[in-house]
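Only one structure is covered here, and it is reproduced in the block below.
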Amino acid sequence: MSNAPLQRAKFTVPMLAVSKSEQKKIAMITAYDATFACIVDAAGVDIILVGDSVATVFQGERTTLPVTLWEMEYHTRLVAKTRPRAMVVGDLPFGTYQVSPELAVTNSVALIKAGAECVKLEGGIHVASAIKAITQADIPVMGHIGLTPQSYHRMGGNKVQGRTDGIDPGSRDRLLEDAHSVEQAGACALVIEGIPGELAREITSKVSIPTIGIGAGVFCDGQVLVLHDALGLSDRSFKFAKAYAGLRTTSIDAITTYVDEVRLGIWPDDLHTFH
Ligand code: KIV
């Protein structure tokens, strides 16, 4: 039985700050279409992230790099159409905010017009000017530091960050600086991905905006998971992700039964036949 409240207040951007000050943990999960947006909203999540992970879990790409702005607008629209109580965050795909702050604003406007209530982008010091420009256009921004999948080639793969000293990208001190510059630039929240739990705890205690962790331990202000990982829908598994269900196996079993019934001529039965 679901524990989700039947009626709850719409989660809005100002509630991020309230959640941090009241130490209420924030639950975020990804969704890319209307069916799953309704399911995760019924389960009571605070935030639905229309993540660029759509590229890997939905489009079958190896990295998140190929997904386009148009495709992100499309998936954001599908989710937003369901008018969820959860806040909808649209992910800015690779190449849409790095070129110039002006282009970052234009592309953020496109996601807002598609129904996002906030946009997310990856990076720290180097994207602070983009974050500042987008927030000055009155569009809330969620930052994302640590293991940033759009930096796949620089990182040499999706590798845990924050384990080295120094100020090079991905090192411990640099991540602390990245967190501060994202906060200073005006972001309303910060995803921290794939870093040691101790560092995530330190960042969380040092920034005033809520941190939302994935592969960053329990001491963040909230957590995010990719839907397909949480439901056990894909055949991939990661140390940082938990499958709360085994929908891949359940789905294969169900469709195998359907195929068998068709082949045996026992589907459709009389109950499902018009007379
Ligand atoms: O695209 C995505 O799903 C994300 C989360 C992993 C934070 O960015």
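My numbering numbers the first residue of the sequence shown as 201 and each following residue consecutively.
For every residue, glycine included, the Cβ atom is placed at its ideal position computed from N, Cα and C.
Legend entry - Within 8 Å, strictly: CB atoms of ALA310 and VAL279: Taking the sequence shown and counting its residues from 1, the one referred to as residue 310 is at position 110. Taking the sequence shown and counting its residues from 1, the one referred to as residue 279 is at position 79. Going by C-beta atoms, ALA310 is not nearer than 8 Å to VAL279.
Inset, instruction - Using alpha carbons as the reference points, say which of GLY251, GLY244, TYR274, ARG285 lies closest to THR212. - result: Residue mapping note: residue 212 aligns to position 12 of the sequence shown, counting from 1. When only C-alpha atoms are compared, the closest one is ARG285.
Inset, instruction - Pick helix, strand or coil for GLN336, following the three-state DSSP scheme. - result: Indexing the sequence shown from 1 puts residue 336 at position 136. Helix, per DSSP.
Legend entry - Span of the beta strand (DSSP E) around ASP469: Here residue 469 refers to the residue found at position 269 when the sequence shown is read from its first residue. Where ASP469 is concerned, there is no enclosing beta strand (DSSP E), given that its DSSP letter is neither H nor E.
Inset, instruction - Grab me the residues of LEU269's own chain with a C-beta within less than 7 Å of its C-beta, minus the 5 sequence neighbours each way, in chain order. - result: As a first step, residue 269 must be located in the sequence shown, where it is residue number 69. For LEU269, where only same-chain residues beyond five positions count, the Cβ hits under 7 Å are PRO293, THR296, ASN307, ALA310.
Legend entry - Among GLY417, VAL391, GLN298, nearest to ALA330 - alpha-carbon criterion: Residue 330 sits at position 130 when you count from the first residue of the sequence shown. Minimum Cα distance to ALA330 is reached at GLN298.
Legend entry - Proximity of VAL305 and HIS275 at Cβ, strictly below 8 Å: The residue given as residue 305 occupies position 105 in the sequence shown. The residue given as residue 275 occupies position 75 in the sequence shown. No; because the gap between Cβ atoms is not below 8 Å, this pair is not in contact.
Inset, instruction - Enumerate in chain order the residues of its own chain whose CB-to-CB distance from ARG208 is below 6 Å, with the five nearest sequence positions on each side excluded. - result: Against the sequence shown, residue 208 aligns to sequence position 8. Excluding residues within five positions, the ones whose Cβ falls inside 6 Å are ARG285.
Inset, instruction - Please say whether LEU376 and GLN361 have beta carbons closer to each other than 8 Å? - result: Within the sequence shown, numbered from 1, the residue matching residue 361 stands at position 161. Within the sequence shown, numbered from 1, the residue matching residue 376 stands at position 176. It is not a contact, given that the beta carbons lie outside the stated cut-off.
Inset, instruction - For CYS420, I'd like the list of residues in its chain whose CB is within less than 7 Å of its CB, leaving aside the five on either flank, ordered along the chain. - result: Working through the sequence shown from its first residue, we reach residue 420 at position 220. Same-chain partners within the cutoff: ILE392, ALA400, THR404, THR411, ILE412, GLY413.
Inset, instruction - Return helix, strand or coil for HIS275, following the three-state DSSP convention. - result: Here residue 275 is taken as the residue at index 75 of the sequence shown, counted from 1. Reduced to three states, the DSSP call for HIS275 is helix.
Legend entry - For GLY290 and VAL319, believed in contact at Cβ under 8 Å, the rounded distance: Here residue 319 refers to the residue found at position 119 of the sequence shown. Here residue 290 refers to the residue found at position 90 of the sequence shown. The distance from the Cβ of VAL319 to that of GLY290 is about 5 Å, consistent with a contact at the 8 Å cut-off.
Inset, instruction - Give the range of the beta strand (DSSP E) segment to which CYS318 is assigned. - result: In the sequence shown, residue 318 corresponds to position 118, counting from 1. Note, CYS318: beta strand (DSSP E), 318 to 320.
Inset, instruction - Ignore the nearest five residues each way along the sequence and tell me which others in SER451's own chain have a CB closer than 8 Å to its CB. - result: In the sequence shown, counting from the first residue as 1, residue 451 sits at position 251. So the list reads LEU433, once near-sequence residues are dropped.
Legend entry - Residue burial classification, GLY346 (beta-carbon count within 10 angstroms, cutoff 16): The sequence position of residue 346 within the sequence shown is 146, counting from 1. Classification for GLY346: buried.
Legend entry - Own chain residues within Cβ distance below 8 Å of ALA328, not counting five before or after: Taking the first residue of the sequence shown as position 1, residue 328 is located at position 128. The residues are SER381, VAL382, GLN384, ALA385.
Legend entry - Cβ pair MET182, VAL250 closer than 8 Å: Lying before the first or after the last residue shown, residue 182 is absent from the chain, which here runs from 201 to 475.
Inset, instruction - Mark ALA460 as exposed unless 16 or more other C-beta atoms lie within 10 angstroms of its C-beta, in which case mark it buried. - result: Here residue 460 refers to the residue found at position 260 of the sequence shown. What sits at residue 460 in the sequence shown is Asp, not Ala. Per the 10 Å Cβ criterion, exposed.
Inset, instruction - Pick out the complete beta strand (DSSP E) segments inside the segment 399 to 444, 3 residues or longer, and give them in chain order. - result: Runs found: 411 to 414, 422 to 425.
Inset, instruction - Determine the extent of the beta strand (DSSP E) in which LEU390 is found, giving its start and end residues. - result: Residue 390 sits at position 190 when you count from the first residue of the sequence shown. Run containing LEU390: 389 to 393, per the beta strand (DSSP E) assignment.
Inset, instruction - Can you check DSSP and say which residues form a bridge with VAL257? - result: Counting from one through the sequence shown, the residue named residue 257 turns up at place 57. Paired residue(s): none; VAL257 is not in a bridge.
Inset, instruction - Give every residue whose Cβ lies closer than 7 Å to any heavy atom of ligand 1, listed in chain order. - result: THR230, LEU249, GLY251, ASP252, SER253, THR264, ASP291, LYS320, HIS344, PRO349, VAL391, GLU393, ILE414, VAL424, VAL426
Legend entry - Counterpart residues of ILE247 in DSSP-defined beta bridges: Position 47 of the sequence shown, counting from 1, holds the residue named residue 247. ILE247 is bridged to MET228, MET287.
Legend entry - Nearest candidate by alpha-carbon position, reference GLY324, set HIS428, GLY446, SER371: Taking the sequence shown and counting its residues from 1, the one referred to as residue 324 is at position 124. Nearest option by C-alpha distance: SER371.
Inset, instruction - For my contact list, VAL426 and ALA441 are in at a C-beta cut-off of 8 Å; report their separation, rounded to the angstrom. - result: On the sequence shown, position 226 is the one that residue 426 refers to. On the sequence shown, position 241 is the one that residue 441 refers to. About 7 Å separates the two Cβ atoms, so the contact holds.
Legend entry - Range of the contiguous alpha helix (DSSP H) that encloses VAL382: Residue mapping note: residue 382 aligns to position 182 of the sequence shown, counting from 1. Run containing VAL382: 372 to 385, per the alpha helix (DSSP H) assignment.
Legend entry - Classification of GLU302 by the beta-carbon crowding that lies within 10 angstroms, buried from 16 upward: Looking up residue 302 in the sequence shown gives position 102. By the 10 Å Cβ count, GLU302 comes out exposed.
Legend entry - Limits of the beta strand (DSSP E) - the one that HIS344 falls within: Reading the sequence shown from its first residue, position 144 is the one you call residue 344. Start and end: 341 to 346.
Legend entry - Buried/exposed call for VAL218, threshold 16 Cβ in 10 Å: Residue mapping note: residue 218 aligns to position 18 of the sequence shown, counting from 1. So VAL218 ends up on the exposed side.
Legend entry - Collapsed DSSP secondary structure at GLY323 in the structure displayed: The residue given as residue 323 occupies position 123 in the sequence shown. Look at GLY323 here: in three-state DSSP terms it is strand.
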